Amino acid sequence: MIEILNPAKLARAKEAGALVADILETLRRRGTVGTNLLDIDRWAKAMIIEAGARSCYVDYAPSFGRGPFGHYICTAVNDAVLHGRPYDYTLADGDLLTLDLAVSQGGIAADSAISFIVGDSRPAESVAMISATERALAAGIAAAEPGARVGDISHAIGTVLTEAGYPINTEFGGHGIGSTMHQDPHVANTGRPGRGYRLRPGLLLALEPWVMADTAELVTDADGWTLRSATGCRTAHSEHTIAITDDGAEILTLPEQARP
Numbered sequence: 001m002i003e004i005l006n007p008a009k010l011a012r013a014k015e016a017g018a019l020v021a022d023i024l025e026t027l028r029r030r031g032t033v034g035t036n037l038l039d040i041d042r043w044a045k046a047m048i049i050e051a052g053a054r055s056c057y058v059d060y061a062p063s064f065g066r067g068p069f070g071h072y073i074c075t076a077v078n079d080a081v082l083h084g085r086p087y088d089y090t091l092a093d094g095d096l097l098t099l100d101l102a103v104s105q106g107g108i109a110a111d112s113a114i115s116f117i118v119g120d121s122r123p124a125e126s127v128a129m130i131s132a133t134e135r136a137l138a139a140g141i142a143a144a145e146p147g148a149r150v151g152d153i154s155h156a157i158g159t160v161l162t163e164a165g166y167p168i169n170t171e172f173g174g175h176g177i178g179s180t181m182h183q184d185p186h187v188a189n190t191g192r193p194g195r196g197y198r199l200r201p202g203l204l205l206a207l208e209p210w211v212m213a214d215t216a217e218l219v220t221d222a223d224g225w226t227l228r229s230a231t232g233c234r235t236a237h238s239e240h241t242i243a244i245t246d247d248g249a250e251i252l253t254l255p256e257q258a259r260p
């Protein structure tokens, strides 16, 4: 299903996006050396419930997972990159942590992910990888204009990631979003321009460039959810929900200090 939002639903999408961004920013500040992933999950739950919103993850049970996800946020550390299921792990200095959060408010969902380094260490490889995903995300957003095609976004993202030297996995990528978290169209992180669905005002997309340092192959943890790099290398992931407007793309998941 491809959903086009009317102005009333778009207003609710903006509220959901702001909530997701503010929760992620709070968790970024709290995600310090000594923090447990299960505490991050509990904090996310408390903030979602306090806002009167609903987690898109707790009951999420797609065909590629093992039963309901059962947690409120994805927490992926170092070689984990997608669908990281929170567990009893204490963050250490230099860990690369990705937080991925999707929340529904007023019946409309928003989805965003951030990667950052815990503590004072700044491993060069991790810094470069995070930067590449953020630049790729910015390029994808810049390509998301009314009348453009999904392939234009994929090509913009893929060009940045390829030029940075990263292999690209096409199994998981961006997606449509609206009354449900995952919708068509699929937005691969590489592709050919001029191909695919033509973008229309009212369309919501979650764009999410992610990379692994030296492989495009994923392996699944015993938990049935957490996806890791097949080689054990580090990973990074950046994501925003955007709305296609008459003038271009509006980012709905900017933290408060970055909002216009």
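The letter at position 153 of the sequence shown is residue 153 when you use UniProt numbering, and the numbering goes up by one with no holes.
Built from N, CA and C at the ideal position, the CB exists for glycine as well.
Predicted, not measured: the structure shown is a model, and the values here were computed from it.
For residue i versus residue j, is the C-beta distance shorter than 9 Å?
{"i": "residue 206", "j": "residue 175", "result": "yes"}
{"i": "residue 122", "j": "residue 195", "result": "no"}
{"i": "residue 23", "j": "residue 127", "result": "no"}
{"i": "residue 154", "j": "residue 140", "result": "yes"}
{"i": "residue 168", "j": "residue 190", "result": "yes"}
{"i": "residue 234", "j": "residue 38", "result": "no"}
{"i": "residue 82", "j": "residue 93", "result": "no"}
{"i": "residue 144", "j": "residue 16", "result": "no"}
{"i": "residue 260", "j": "residue 201", "result": "no"}
{"i": "residue 114", "j": "residue 28", "result": "yes"}
{"i": "residue 72", "j": "residue 223", "result": "no"}
{"i": "residue 186", "j": "residue 62", "result": "no"}
{"i": "residue 44", "j": "residue 55", "result": "yes"}
{"i": "residue 269", "j": "residue 98", "result": "The requested residue 269 is not part of the displayed model; the chain covers only 1 to 260."}
{"i": "residue 13", "j": "residue 221", "result": "no"}
{"i": "residue 4", "j": "residue 197", "result": "no"}
Taking residue i as the reference, give the member of the options with the closest Cα.
{"i": "residue 184", "options": "53, 192, 203", "result": "203"}
{"i": "residue 57", "options": "158, 77, 213, 85", "result": "85"}
{"i": "residue 319", "options": "242, 75, 107", "result": "Given a span of 1 to 260 for the chain in the structure shown, any question on residue 319 remains unanswerable."}
{"i": "residue 248", "options": "112, 48, 138", "result": "138"}
{"i": "residue 252", "options": "4, 6, 21, 2", "result": "21"}
{"i": "residue 34", "options": "120, 124, 220", "result": "120"}
{"i": "residue 19", "options": "50, 221, 3", "result": "50"}
{"i": "residue 48", "options": "105, 3, 30, 36", "result": "105"}
{"i": "residue 257", "options": "3, 159, 25, 12", "result": "25"}
{"i": "residue 32", "options": "217, 116, 11", "result": "116"}
{"i": "residue 267", "options": "162, 241, 64", "result": "The shown model of the chain, from 1 to 260, leaves out residue 267, and the question about it has no answer."}
Just verifying my parser: in three-state terms, what is the DSSP assignment at residue i?
{"i": "residue 125", "result": "helix"}
{"i": "residue 132", "result": "helix"}
{"i": "residue 13", "result": "helix"}
{"i": "residue 242", "result": "strand"}
{"i": "residue 153", "result": "helix"}
{"i": "residue 98", "result": "strand"}
{"i": "residue 219", "result": "strand"}
{"i": "residue 185", "result": "strand"}
{"i": "residue 211", "result": "strand"}
{"i": "residue 90", "result": "strand"}
{"i": "residue 247", "result": "coil"}
{"i": "residue 174", "result": "strand"}
{"i": "residue 22", "result": "helix"}
{"i": "residue 252", "result": "coil"}
{"i": "residue 168", "result": "coil"}
{"i": "residue 2", "result": "coil"}
{"i": "residue 29", "result": "helix"}
{"i": "residue 118", "result": "coil"}
{"i": "residue 199", "result": "coil"}
Measure the beta-carbon distance from residue i to residue j and round it to whole angstroms, keeping in mind my assumption that it falls under 8 Å.
{"i": "residue 188", "j": "residue 173", "result": "5 Å"}
{"i": "residue 214", "j": "residue 231", "result": "6 Å"}
{"i": "residue 41", "j": "residue 75", "result": "7 Å"}
{"i": "residue 157", "j": "residue 199", "result": "Not confirmed; about 14 Å, so no contact."}
{"i": "residue 239", "j": "residue 112", "result": "5 Å"}
{"i": "residue 151", "j": "residue 209", "result": "About 15 Å; that fails the 8 Å criterion."}
{"i": "residue 166", "j": "residue 211", "result": "4 Å"}
{"i": "residue 136", "j": "residue 160", "result": "4 Å"}
I'd like to know if residue i contacts chain C, where contact means its C-beta is closer than 9 Å to some C-beta of that chain.
{"i": "residue 62", "result": "Reference to chain C is not applicable here, since this structure consists of a single protein chain."}
- Let me know the beta strand (DSSP E) ranges lying completely inside the region 44-82, each 3 residues or longer, listed in chain order. If only uninterrupted beta strand (DSSP E) runs of at least 3 residues are considered, those enclosed by the region 44-82 are 74-77, 80-82.
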